[in-house]
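Enquirer: Numbering (this note's numbering), first residue to last: 67 to 272. Provided herewith is a single structure, encoded as structure tokens, for subsequent inquiry.
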Amino acid sequence: MRLTRTRTAVAAGALAGLAALTLSSAGAATAAGQAPAFLETDDLPPHQSSDWFAQDIRQGAPELPQFCLGDVELPAGGTWSRDYYTDVDTTAHQLVVETGSAAEAQALAAGLADAVADCAADWLRENPGATAGWDDFGTVEAGDGARVFGVHTAPQQAGLGLNLFGVGRSGDTVTVVGWGEMGRLSDAPVSAFKETTAIALTKLGG
């Protein structure tokens, strides 16, 4: 078992994709203006060979655990999500959580950031013999601030992949933006992903 932490602006490696956000069909947003503002496909880091596509915005806590965030309790009534995908293996998602106050949002954002920072080590404990690593790619100046992380895992006898996470807050609302791709990557789109994270916070009013 080996855990590494890189200090480069571009991380290579990582998980075989993001876990999909599967939500109850009863929680679908149907009324215009009911859901918070989410990223559009043009806001995501450009893909070399595919357009981005977006599923509907949906309300409710995810039914299945999300990679790195599965242990964080989310308020079902104020939680929304949207999935994005390409024609290949690249996926993305956005989670928006409306809390009762700025203090609650700050605490939730801190808990989500801690979960991502601990994710590689937690994953290794469940996958002995594999390798994993993470990096803190720094802050994003939008809303009340965000931080971007990279997490990579390398299962034994399996492919590598990379996950990027942007965790931020705007007032009493928290958002997490995730991006993932199969394979070994030496050119993770950190700068473009930071721009995406900033757009996500700006759309929430920050």
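C-beta atoms are modelled at their ideal positions from N, C-alpha and C, and glycine is treated no differently.
Alanine 171 and valine 240 look like a contact to me (Cβ under 8 angstroms); what is the Cβ gap, rounded to whole Å?
Expert: Looking up residue 171 in the sequence shown gives position 105. Looking up residue 240 in the sequence shown gives position 174. Sure, about 5 angstroms apart at Cβ, within 8 angstroms.
Enquirer: Rounded to a whole number of angstroms, what is the C-alpha to C-alpha distance between aspartate 122 and valine 162?
Expert: Position 56 of the sequence shown, counted from the first residue, corresponds to residue 122. Position 96 of the sequence shown, counted from the first residue, corresponds to residue 162. Rounded to the nearest angstrom, the two C-alpha atoms are 14 angstroms apart.
Enquirer: For lysine 269, does the count of other Cβ atoms within 10 angstroms reach 16, so buried, or fall short, so exposed?
Expert: Along the sequence shown, read from residue 1 onward, the residue named residue 269 stands at position 203. Buried, because 16 or more other Cβ atoms sit within 10 Å of the Cβ of lysine 269.
Enquirer: Is the distance from the Cβ of valine 217 to the Cβ of tryptophan 200 below 7 angstroms?
Expert: Along the sequence shown, read from residue 1 onward, the residue named residue 217 stands at position 151. Along the sequence shown, read from residue 1 onward, the residue named residue 200 stands at position 134. A contact, by the Cβ cut-off of 7 angstroms.
Enquirer: Would DSSP call valine 138 helix, strand or coil?
Expert: For the purposes of this step, residue 138 is taken as residue 72 along the sequence shown, with counting starting at 1. Valine 138 falls in the coil class under three-state DSSP.
Enquirer: Do the CB positions of glutamine 132 and tryptophan 146 come within less than 7 angstroms of each other?
Expert: One-based indexing of the sequence shown puts residue 132 at position 66. One-based indexing of the sequence shown puts residue 146 at position 80. For glutamine 132 and tryptophan 146, no; Cβs fall outside 7 angstroms.
Enquirer: Hey, how far is the Cα of alanine 97 from the Cα of glycine 234?
Expert: Counted from its first residue, the sequence shown places residue 97 at position 31. Counted from its first residue, the sequence shown places residue 234 at position 168. Since pLDDT at alanine 97 reaches only 38, below the 50 mark, its modelled position is unreliable, and no value is offered.
Enquirer: Pull up the distance between the alpha-carbon of arginine 191 and that of alanine 220, whole angstroms please.
Expert: Residue numbering aside, residue 191 sits at position 125 when the sequence shown is read from its first letter. Residue numbering aside, residue 220 sits at position 154 when the sequence shown is read from its first letter. The alpha-carbon atoms of arginine 191 and alanine 220 are separated by roughly 13 angstroms.
Enquirer: Do three or more CB pairs link the segment 204 to 212 to the segment 221 to 231 at distances below 8 angstroms?
Expert: No contact exists between the segment 204 to 212 and the segment 221 to 231.
Enquirer: Could you check which residue in Trp245, Ala266 and Thr263 has the C-alpha nearest to that of tryptophan 118?
Expert: In the sequence shown, residue 118 corresponds to position 52, counting from 1. The candidate whose alpha carbon is nearest that of tryptophan 118 is Trp245.
Enquirer: For alanine 183, collect the residues of the same chain with a Cβ closer than 8 angstroms to its Cβ; drop the 5 residues on either side in sequence, then sort them by chain order.
Expert: Counting from 1 along the sequence shown, the entry for residue 183 is found at position 117. Closer than 8 angstroms at the Cβ level, and outside the excluded window around alanine 183, lie Trp200, Asp202 and Phe215.
Enquirer: Looking only at its chain, what residues have a beta carbon closer than 6 angstroms to the beta carbon of phenylalanine 104, apart from the 5 residues adjacent to it on each side?
Expert: Here residue 104 refers to the residue found at position 38 when the sequence shown is read from its first residue. For phenylalanine 104, where only same-chain residues beyond five positions count, the Cβ hits under 6 angstroms are Ile123, Arg148 and Gln160.
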